[in-house]
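Right, one structure below, let's go through it.
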Amino acid sequence: MSSTLAPAGFSQETFDAFLAARDEPGWLNDLRASAWARFNELSLPTNKDEEWMRTDIRLFKLGRYSPASELSEIESPRALLAEGVDLGGSCSSVDGLSVESELSAELADRGIVFGSFDKVISEHGDLLRPYIERKLVDPHYDKFSALNAAMFSGGTVLYVPKKTRVEQPLHSLSTMTDGGVDLTKTLVILEEGAEATLLSETASTSTEAGGLHCGSIELIVEKDARLRYVNLQNWGSGVWHFAHQMGHVAQSAGLQWTIGALGSRLAKVNQHVALTGKDAEAQVNGVMFTQGKQHLCYNTHQHHQAEFCTSDLLYKAALQDVSRTVWRGMIKVDEGAQRTNAYQRNDNLMLATTARADSIPGLEIEADDVRCTHGSTSGRVDDQQLFYAMTRGYTRQEAVRMIVTGFFQQVFDRITIESVREALGEAIGQRVRDL
Amino acid sequence: MSETLKITDLHVAVEGKPILRGVNLTINRGETHALMGPNGSGKSTLGNAIMGHPNYEVTGGKIELNGEDVLEMDATERSRAGIFMAFQRPMAIPGVKMADFLRHATTNVRNPERKEGEELIPMRQFRKELKDKMEQLKMDVEFARRYVNDGFSGGEMKRAEILQLAMLRPKFAILDETDSGLDVDAVKLASQSIAEIGGAEMGILIITHHDKLLDQNVPDFTHVMLGGKLVETGGVELAQELYTEGYERIRAAYPEAAAAEEEMAETEALAH
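These protein sequence lines map, in sequence, to chains A and B.
Residue 270 in this note's numbering sits at position 270 of the first sequence, and the numbers go up by one each step.
Residue 1116 in this note's numbering sits at position 116 of the second sequence, and the numbers go up by one each step.
This is how it looks when you write it as structure tokens:
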């Protein structure tokens, strides 16, 4: 339950109360105020906007939600990605309000900064300022990016200094109560030659919970740095999920970005990877499982700004019931980005004839010496496959689960973190129902 | 007590079209039966009907395993009861490794009461058994790590089916043209393997056009299918005759079945 003392909706009063309750530096207040002004100027997107043509949010009423001003006493959901992992640190928030932040003394001594944004900003404001002011996610892009920029709280900050390798993964969990609001921001900065793994997950207090997530993710991977970032979205089935996610990969740096999308009522995500320096590499993995009336829309963007860069995106979705996925993928190659090697692929497995998957790959190439390929497939669990497995002693249900797991294997094979493969495999196995 | 798979007056239709028109066949455990007949006579249909393929509708007759009604069982139950078929064209299951597939399959068949999620055969024991069987079949260990039938050549598929037969050790096995797509040496190896796996322990129904597979697995009985019926039963000499002489004599001797066969072929041609 979110606090009833908070003013309803996102009024000026809400915003003023939000700012007053925070003790933040002036430059950040200014950023927030400017984004807030933009938020008030903008209307919610409609199906006339190209990005939203296939994603209908007419039933979404922003005024029904209010940010929490007091921490709810709740039992945290099970952290799936952390199971069996020796963590270097972890942090958590409920409804965007920070609960705990822990970092091993050894990592803190080496200059690593990690924790919930609210805790980190008071101590490391000057360090973070230039990265926040870079505005990797443009606050002016749409009403949701503006809202997040104005009122982000909780979430996760990770800063790793030059040439520092963090061996143990770090973990963050953002929980939302039923009907709550989560405006978290994830900001990761890996300085030159740094290496780290961040496992972050978002979950509701119950599988049927509603609420609003309006989030942002900014990943800054500087020269020669290596980041593995996992984001598992496991909200309740009534949650509206709007997110802008941006990765910036500099010269000879590498980003492995894995997305698991299981929850929410409707999700609209812009995931953007920019390769900004020569020899940068990005691998993007997506695992989606939808059911009920879920609608997940992902706009992915692989932006090659420099030469000799590689990007490889693989999204796989299994769809059950009357759920729907929309994937719009774009590979953009700038004029100077010669010798680009870019790949995008989206495979869908339909578990019901009533489910629907839209797959719209796109290329926009301004260089002349590039290799860009894309593909998409859509298939069903075949009755012949089921029969074959049954003649080998499998029950029908066991056979379906095996075939679905097999479908995801190609993307699991790319995920180098065991706990992530297991969490995703288990979550998918639990969701598959009888065909 | 001798174990028996007994088929009585079996009628099967596919998409409403009758294919089997009264098949009678009794296989005792330990016997090898050859089933021969021209293309489209209904041989694979018999195999699929015994296995419980949902597209093959049993419109009359009985299938019994030691007196129990097999038609009441779904494909899973039949397989766990000890009935197996090596398919002519087994299905690919991308992303699922042969070894994982077989570990589940073997556990299920050996513990017919197993529910999903219950324990599997211990990994170490399973690996050893699989390795032994693969060595026996002269299969590369790499095979176990490949995805089930995914990108397999015709010959690899057949060998994978024999490996499954060896691991599952059924009471009754139907081999549907397991020799086609294999070269002479491979057929020989396959035949030997089947004999070693325990021709003596199993009741085997070998569906074949050739006599090669029968060299090592000498049939106790040879049945000829024509127009959806078993029209003649003999010993091994019948298989040899059909292989060398063809079906002219059979067609002449059973004009009614030959007419049914022709009619089935025409319907088939029209459907395409």
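The C-beta atom is built at its ideal place from N, Cα and C for all residues, glycine as well.
If you're wondering where the values come from, they're calculated on a predicted model, not measured in any experiment.
C-beta neighbour in chain B for residue i, strict 7 Å
| i | result |
| --- | --- |
| A/Pro7 | Its pLDDT being 48, under 50, A/Pro7 is placed unreliably in this model, and the value from its coordinates should be taken loosely. No, its Cβ sits nowhere closer than 7 Å to a Cβ of chain B. |
| A/Arg392 | yes |
| A/Ile428 | no |
| A/Thr4 | Its pLDDT being 44, under 50, A/Thr4 is placed unreliably in this model, and the value from its coordinates should be taken loosely. It does not: the Cβ of A/Thr4 has no partner Cβ on chain B nearer than 7 Å. |
| A/Tyr388 | yes |
| A/Leu320 | Sequence inspection shows Gln at residue 320 of chain A; the Leu mentioned does not correspond to that position. A/Gln320 does not count as touching chain B. |
| A/Thr395 | yes |
| A/Glu418 | no |
| A/Leu19 | no |
| A/Met402 | yes |
| A/Glu83 | no |
| A/Met1 | Legend: pLDDT at A/Met1 = 41, less than 50; position of this residue unreliable, no value from coordinates given. |
| A/Glu398 | yes |
| A/Gln251 | no |
| A/Gln385 | yes |
Within 7 Å, strictly: CB atoms of residue i and residue j
| i | j | result |
| --- | --- | --- |
| A/Gly247 | A/Ser206 | no |
| B/Ile1207 | B/Leu1213 | no |
| B/Lys1062 | B/Thr1008 | yes |
| A/His244 | A/Ser172 | no |
| B/Ile1204 | B/Val1224 | no |
| B/Met1091 | B/Ala1144 | no |
| B/Asn1028 | B/Thr1059 | no |
| A/Met176 | A/Asp49 | no |
| B/Leu1226 | B/Ala1257 | yes |
| A/Thr186 | A/Gly155 | yes |
| B/Thr1178 | B/Ala1252 | no |
| A/Gln302 | A/Ala342 | yes |
| A/Ile259 | A/Asn231 | yes |
| A/Ser122 | A/Ser101 | no |
| A/Ala150 | A/Phe39 | yes |
| B/Thr1076 | A/Thr395 | yes |
| B/His1033 | B/Leu1020 | no |
| A/Ser419 | A/Glu83 | yes |
Whole-Å CB distance - residue i paired with residue j, under 8 Å assumed
| i | j | result |
| --- | --- | --- |
| A/Gly88 | A/Leu219 | Their Cβ separation, rounded to whole angstroms, is 18 Å, which puts A/Gly88 and A/Leu219 out of contact at 8 Å. |
| B/Ile1093 | B/Tyr1056 | Their Cβ separation, rounded to whole angstroms, is 21 Å, which puts B/Ile1093 and B/Tyr1056 out of contact at 8 Å. |
| A/Val269 | A/Lys316 | That pair is no contact at about 16 Å. |
| A/Thr340 | A/His304 | 4 Å |
| A/His241 | A/Ala225 | Incorrect: roughly 29 Å between the Cβ atoms, too far for contact. |
| A/Val99 | A/Ser92 | 5 Å |
Chain A within 7 Å of residue i, Cβ atoms only
| i | result |
| --- | --- |
| B/Ser1044 | no |
| B/Val1058 | no |
| B/Pro1219 | no |
| B/Met1051 | yes |
| B/Gly1095 | yes |
| B/Glu1273 | Chain B is shown only over 1001 to 1272; residue 1273 of chain B falls outside these bounds and no answer can be derived. |
| B/Thr1178 | no |
| B/Asn1108 | yes |
| B/Ala1075 | yes |
| B/Ala1273 | Residue 1273 of chain B lies beyond the residue range present for chain B, which begins at 1001 and ends at 1272; the question has no answer from this structure. |
| B/Ala1269 | no |
| B/Ser1153 | no |
| B/Arg1080 | yes |
| B/Ala1105 | yes |
| B/Met1202 | no |
| B/Met1091 | yes |
Residue nearest to residue i in terms of C-alpha spacing, selected from the options
| i | options | result |
| --- | --- | --- |
| A/Leu438 | A/Asp279, A/Asp358, A/Leu28 | There is no way to answer for residue 438 of chain A, as the model of chain A reaches only from 1 to 435. |
| A/Glu208 | A/Gln233, A/Asp182, A/Arg265, A/Asp334 | A/Arg265 |
| B/Ile1083 | B/Gly1095, B/Thr1233, B/Lys1006, B/Glu1118 | B/Lys1006 |
| B/Arg1078 | B/Gly1151, B/Ile1174, B/Val1231, B/Ala1252 | B/Ile1174 |
| A/Leu212 | A/Ala352, A/Leu187, A/Ser174 | A/Ser174 |
| A/Val322 | A/Asn299, A/Gly292, A/Leu349 | A/Gly292 |
| A/Leu80 | A/Ile417, A/Val432, A/Arg433 | A/Ile417 |
| B/Asn1217 | B/Glu1261, B/Gln1192, B/Ile1121 | B/Gln1192 |
| A/Ile132 | A/Asp109, A/Ala342, A/Pro25 | A/Pro25 |
| A/Gly406 | A/Ser419, A/Asp16, A/Leu349, A/Gln338 | A/Leu349 |
| B/Leu1035 | B/Gly1235, B/Ala1260, B/Thr1244 | B/Gly1235 |
Interface residues of chain D facing residue i [CB-CB closer than 8 Å]
| i | result |
| --- | --- |
| A/Phe408 | Structure shown: chain D not included; protein chains present are A and B. |
Residue i CB to nearest heavy atom of the ligand SAH below 6 Å
| i | result |
| --- | --- |
| B/Thr1244 | The ligand SAH is absent from the structure shown, which contains no ligand whatsoever. |
Three CB pairs or more closer than 8 Å across the region 147-159 of chain A and the region 120-130 of chain A: yes
Any 3 or more C-beta pairs closer than 8 Å across the region 299-313 of chain A and the region 273-289 of chain A: yes
Meets three-Cβ-pair contact criterion under 8 Å: the region 360-367 of chain A and the region 392-402 of chain A: no
At least 3 beta-carbon pairs within less than 8 Å: the region 1159-1169 of chain B vs the region 1125-1141 of chain B: yes
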